[in-house]
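*Asks:*
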Amino acid sequence: MSDDFHLSDEERARLERMKRELIPPAHIEAEAIETLRRRGLIRDSRPGWMTAAILATALAAGLVAALFVYRQMADHAPLNTPEFVLLLYAGDETGAAPSRRDEYLAWARSIAAQGTTISGLELVEPSEQIAVLPDNPGSATPAQPRGFFVVRVRDLAEAQRIAATCPHLRYGGQIVLRRAVS
Amino acid sequence: MSDEELIRRFVNRGDEGAFRALYARHSPAVYGLLRRLAGPAVSDADDALQDAWLRAATRLSSFRGESAFRTWLTGIALNCLRERWRRAQRIDERGDVRPLETHAPHNDHAVDVAEVLDTLSADHREVLVLHDVEGYTHEEIAGALGIEAGTSKSRLSRARQLFRERWQQAPVAGAKS
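Just so you know, the sequences run in chain order B and G. Per the working numbering, the first sequence starts with residue 1, numbered consecutively. Per the working numbering, the second sequence starts with residue 1, numbered consecutively.
1) Below 8 Å, how does it come out for the stretch 135 to 142 of chain B and the stretch 158 to 171 of chain B: are there three or more Cβ pairs, yes or no?
2) DSSP beta-bridge partners for residue 174 (chain B)?
3) Counting pairs of Cβ atoms below 8 Å between the stretch 142 to 159 of chain B and the stretch 113 to 127 of chain B, do you hit three or more?
4) Leaving out five residues before and five after residue 17 (chain B) in sequence, what residues of the same chain have Cβ atoms less than 6 Å from its Cβ?
5) Across which residues does DSSP place residue 150 (chain B) in a beta bridge pair?
6) Report yes or no: is there a C-beta of chain G within less than 8 Å of the C-beta of residue 84 (chain B)?
7) Within 8 Å (strictly less), CB to CB, does residue 186 (chain G) reach chain B?
8) So, helix, strand or coil for residue 179 (chain B), using DSSP?
9) Rounding to the nearest angstrom, what Cα-Cα distance links residue 25 (chain B) and residue 168 (chain G) in this structure?
10) With a cut-off of 8 Å, do at least 3 Cβ pairs link the stretch 41 to 59 of chain G to the stretch 142 to 155 of chain G?
11) For residue 124 (chain B), which three-state DSSP category applies?
12) For residue 83 (chain B), which of B:8, B:155, B:167 and B:14 has the nearest alpha-carbon?
13) Whole angstroms are fine: how far does the CA of residue 170 (chain G) sit from the CA of residue 116 (chain G)?
14) For residue 20 (chain G), name the three-state secondary structure that DSSP assigns.
15) Distance cutoff 8 Å, beta carbons only. Does residue 167 (chain B) sit that close to anything in chain G?
16) Please name the residues in the stretch 31 to 45 of chain B whose beta-carbon is closer than 7 Å to at least one beta-carbon of chain G, in chain order.
17) Please report the distance separating the alpha-carbon of residue 170 (chain B) from that of residue 70 (chain G).
18) Is residue 40 (chain G) close to chain B, meaning its C-beta is less than 8 Å from at least one C-beta of that chain?
19) Are three or more beta carbon pairs between the stretch 9 to 16 of chain B and the stretch 15 to 27 of chain G nearer than 8 Å?
20) Ignore the nearest five residues each way along the sequence and tell me which others in residue 107 (chain B)'s own chain have a CB closer than 8 Å to its CB.
21) Between residue 113 (chain B) and chain G, is there a C-beta pair that is closer than 8 Å?
22) To which residues of the same chain is residue 142 (chain B) closer than 8 Å at the C-beta, ignoring the five residues directly before and after it?
23) Where residue 123 (chain G) and residue 174 (chain B) are concerned, what is the direct C-alpha to C-alpha distance, given to the nearest angstrom?
24) Identify which residue in G:162, G:141, G:163 and G:165 has its Cα closest to the Cα of residue 67 (chain G).
25) Which whole-angstrom value describes the C-beta separation of residue 112 (chain B) and residue 53 (chain G), a residue pair presumed to lie in contact below a C-beta threshold of 8 Å?
26) Taking the straight line between their C-alpha atoms, what separation do you get for residue 42 (chain G) and residue 65 (chain G)?
27) If you run the structure through DSSP and keep just helix, strand and coil, what is residue 8 (chain B)?
28) Mind checking the stretch 34 to 68 of chain G against chain B and listing, in chain order, the residues whose C-beta falls within less than 8 Å of any C-beta there?
29) What is the rounded straight-line gap between the Cα of residue 6 (chain G) and the Cα of residue 78 (chain G)?
30) Is residue 154 (chain G) near the ligand GDP, with its Cβ less than 7 Å from a heavy atom?
31) Quick check: is the beta carbon of residue 103 (chain G) nearer than 8 Å to any beta carbon in chain B?
32) Name the chain G residues whose beta carbon is nearer than 9 Å to that of residue 5 (chain B)?
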C-alpha cells in the first residue's frame with residue numbers, strides 16, 4: 001500500500017478544527033496530588049522548624065495564628081476546600097467563536113497556574129439539544145446557562161474575585177455563583 | 001519557569017507547586033487528545049489522564065529530555081488509555097471492519113468528524129489524530145507509541161483512506177458539505 005495517501009484541503013481543515021484543549025475535571029488533579037503525597041513524592045515544602053514555629057505561634061496567639069495555619073493548610077488540602085460553581089449566563093449575544101473559547105481557556109489556565117483548582121464545560125446552544133423534565137406544555141423553560149466553571153476556593157469572596165476576572169463579563173454575560181454542598 | 005526547572009523542583013524537593021504548574025500547563029492539551037481518542041467513554045479519558053500523571057511523576061527522575069516533556073507525557077497517557085481499553089477488551093470491539101452503518105445511535109442526526117473517527121480502529125485513530133489533528137511528526141508519533149516511524153506513515157495512509165471512505169458513507173448528506 002502507498003504510504004502517501006493525501007487528504008483534500010477541506011478534509012485536512014476539518015480534522016485540524018478538532019484540535020481543542022480541554023480543562024480536565026478538578027477532581028483529577030486533586031486526587032493525583034493526594035496520591036502523590038501518600039506515596040511521598042510530594043512533600044510539605046515548609047521546613048520542620050517552620051511548621052513547629054507556626055504551631056507554636058498558633059497556640060500562643062490563638063485565633064489569628066490559627067487562621068494563618070488554616071490558610072496554609074488550605075493551599076495543600078484542596079479536597080477540604082469548598083467548591084463554588086460559576087454559572088455563566090449569556091447576555092444578548094449568542095454563539096462562541098473559537099477565539100472566544102481560547103480566551104476562556106487561557107483565563108482558566110491562568111487561574112489554575114495561580115494554584116486554584118478549576119474545571120469547566122461549555123454547553124451547546126439551548127436551541128440545539130435541550131430536554132426539560134417534566135415537559136409541561138405552557139410552563140416557562142428556566143433560564144439556561146451557557147456553561148460553567150467549578151473552582152475550589154476558601155470562600156465566596158475569593159470565588160467572586162475570580163469570577164470578576166472572567167472574560168464572560170466582557171461579552172455582556174452574567175455569572176451566578178453557587179456553593180456546592182460538600 | 002521552564003518545564004526543566006519545574007521538573008527539577010518536583011524531583012528534588014517534592015514541590016507541590018511545581019507539580020501543579022506542570023499539570024496546569026500540559027493537562028488541557030493531553031486531556032483534549034484523550035477525549036478525542038476516547039470518544040464517548042469520557043471516564044476512560046479521565047482515568048487515563050490521572051494514571052498518566054501518577055506514572056509520569058514516578059518516572060520524572062529518569063526523564064532525560066530527549067523529547068519535549070509534553071510529547072513524553074502524551075506517550076504515557078496514550079499507553080494508559082490503551083491499557084484501559086485492553087482491560088475492558090475494547091480494542092477488539094473497535095475492529096477496523098466495523099461499518100459506520102452499525103452506529104445506530106448516529107443515524108438520526110448529522111454525523112460529525114469525531115463520530116467518523118470513532119469508527120476507526122484504535123491504531124488508525126491514534127495516528128490520524130496525532131498527525132493530522134495534533135500536528136505531531138512521524139518521529140514523535142513513533143516515540144510516543146513505541147512504533148517505527150515507517151509504521152506510523154503506513155498507518156496514517158490507511159487511516160486517511162478509511163476516514164475518507166467512512167466520511168463519504170456517512171448517512172447524512174449534510175455531513176459532506
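C-beta: ideal position from N, C-alpha, C; glycine also. Remember, predicted model here, so these are calculated numbers, not experimental data.
*Replies:* By the coordinates alone:
1) The answer is no - the stretch 158 to 171 of chain B does not touch the stretch 135 to 142 of chain B, with fewer than three Cβ pairs under 8 Å.
2) Numbered from 1 along the first sequence, position 174 holds the residue referred to as residue 174 (chain B). Paired residues: B:89.
3) Contact holds: three or more Cβ-Cβ distances are below 8 Å.
4) Position 17 of the first sequence, counted from the start, is the residue given in the question as residue 17 (chain B). Correct list: empty, nothing qualifies.
5) Position 150 of the first sequence, counting from 1, holds the residue named residue 150 (chain B). Note: residue 150 (chain B) sits in a beta bridge opposite B:85 and B:119.
6) Against the first sequence, residue 84 (chain B) aligns to sequence position 84. False, the Cβ-Cβ gap to chain G never drops below 8 Å.
7) Summary: the structure shown does not reach residue 186 (chain G), with chain G confined to residues 1 through 177, and so no result is reported for it.
8) On the first sequence, position 179 is the one that residue 179 (chain B) refers to. Note: residue 179 (chain B) maps to strand in three-state DSSP.
9) Counting from 1 along the first sequence, the entry for residue 25 (chain B) is found at position 25. Counting from 1 along the second sequence, the entry for residue 168 (chain G) is found at position 168. Residue 25 (chain B) and residue 168 (chain G): Cα-Cα distance of roughly 35 Å.
10) With a cut-off of 8 Å, the stretch 142 to 155 of chain G and the stretch 41 to 59 of chain G do not count as touching, because too few Cβ pairs lie within range.
11) Stepping through the first sequence from its first residue, residue 124 (chain B) is reached at position 124. In the three-state DSSP reduction, residue 124 (chain B) falls in the coil class, being neither helix nor strand.
12) As a first step, residue 83 (chain B) is located in the first sequence; it is residue number 83 there, counting from the start. The option with the nearest alpha carbon to residue 83 (chain B) is B:155.
13) As a first step, residue 116 (chain G) must be located in the second sequence, where it is residue number 116. As a first step, residue 170 (chain G) must be located in the second sequence, where it is residue number 170. Rounded to whole angstroms, residue 116 (chain G) and residue 170 (chain G) show a C-alpha spacing of 8 Å.
14) Taking the second sequence and counting its residues from 1, one reaches residue 20 (chain G) at position 20. Correct three-state label for residue 20 (chain G): helix.
15) Sequence index remark: in the first sequence, residue 167 (chain B) carries index 167 (1-based). For residue 167 (chain B), the answer is no, since every Cβ of chain G falls outside 8 Å of its Cβ.
16) Listed by position, the residues of the stretch 31 to 45 of chain B near chain G (Cβ gap below 7 Å) are 31, 32, 33, 35, 36, 41, 42, 43 and 45.
17) For the purposes of this step, residue 170 (chain B) is taken as residue 170 along the first sequence, with counting starting at 1. For the purposes of this step, residue 70 (chain G) is taken as residue 70 along the second sequence, with counting starting at 1. For residue 170 (chain B) and residue 70 (chain G), the gap between their C-alpha atoms comes out near 32 Å.
18) For this step, residue 40 (chain G) is matched to residue 40 along the second sequence. Under the Cβ distance rule, residue 40 (chain G) does not count among the residues neighbouring chain B, no pair being separated by less than 8 Å.
19) For the pair of segments examined, the stretch 9 to 16 of chain B was found not to touch the stretch 15 to 27 of chain G: the number of CB pairs separated by less than 8 Å stays below three.
20) Indexing the first sequence from 1 puts residue 107 (chain B) at position 107. Once the five neighbours on either side are set aside, the close Cβ partners of residue 107 (chain B) are 165, 166 and 167.
21) Here residue 113 (chain B) refers to the residue found at position 113 when the first sequence is read from its first residue. Under the Cβ criterion of 8 Å, residue 113 (chain B) is counted among the residues facing chain G.
22) Here residue 142 (chain B) corresponds to residue number 142 of the first sequence, with the count starting at 1. Contacts found: 132.
23) Within the second sequence, residue 123 (chain G) is the residue found at index 123, counting from 1. Within the first sequence, residue 174 (chain B) is the residue found at index 174, counting from 1. If you take the alpha carbons of residue 123 (chain G) and residue 174 (chain B), they lie about 44 Å apart.
24) As a working mapping, residue 67 (chain G) is identified with position 67 in the second sequence. Ranking G:162, G:141, G:163 and G:165 by Cα distance to residue 67 (chain G) puts G:141 first.
25) As a first step, residue 112 (chain B) is located in the first sequence; it is residue number 112 there, counting from the start. As a first step, residue 53 (chain G) is located in the second sequence; it is residue number 53 there, counting from the start. That belief does not hold up - the Cβ atoms of residue 112 (chain B) and residue 53 (chain G) are roughly 14 Å apart, past 8 Å.
26) The residue given as residue 42 (chain G) occupies position 42 in the second sequence. The residue given as residue 65 (chain G) occupies position 65 in the second sequence. Approximately 30 Å, taken between the alpha carbons.
27) Mapped onto the first sequence, residue 8 (chain B) falls at position 8. Residue 8 (chain B): coil per DSSP, three-state reduction.
28) From the stretch 34 to 68 of chain G, only 35, 36, 46, 49, 50, 53, 54, 57 and 58 have a Cβ closer than 8 Å to chain B.
29) Residue numbering aside, residue 6 (chain G) sits at position 6 when the second sequence is read from its first letter. Residue numbering aside, residue 78 (chain G) sits at position 78 when the second sequence is read from its first letter. Residue 6 (chain G) and residue 78 (chain G): Cα-Cα distance of roughly 23 Å.
30) In the structure on display, the ligand GDP does not appear, and there are no ligands present to speak of.
31) Start at 1 with the first residue of the second sequence, and residue 103 (chain G) comes out as number 103. In this prediction, residue 103 (chain G) has a pLDDT of 36, which is less than 50 and means its spatial position is unreliable; nothing more can be read from the coordinates.
32) Residue 5 (chain B) sits at position 5 when you count from the first residue of the first sequence. By Cβ distance, chain G contributes 156, 157, 158, 159, 160, 161 and 164.
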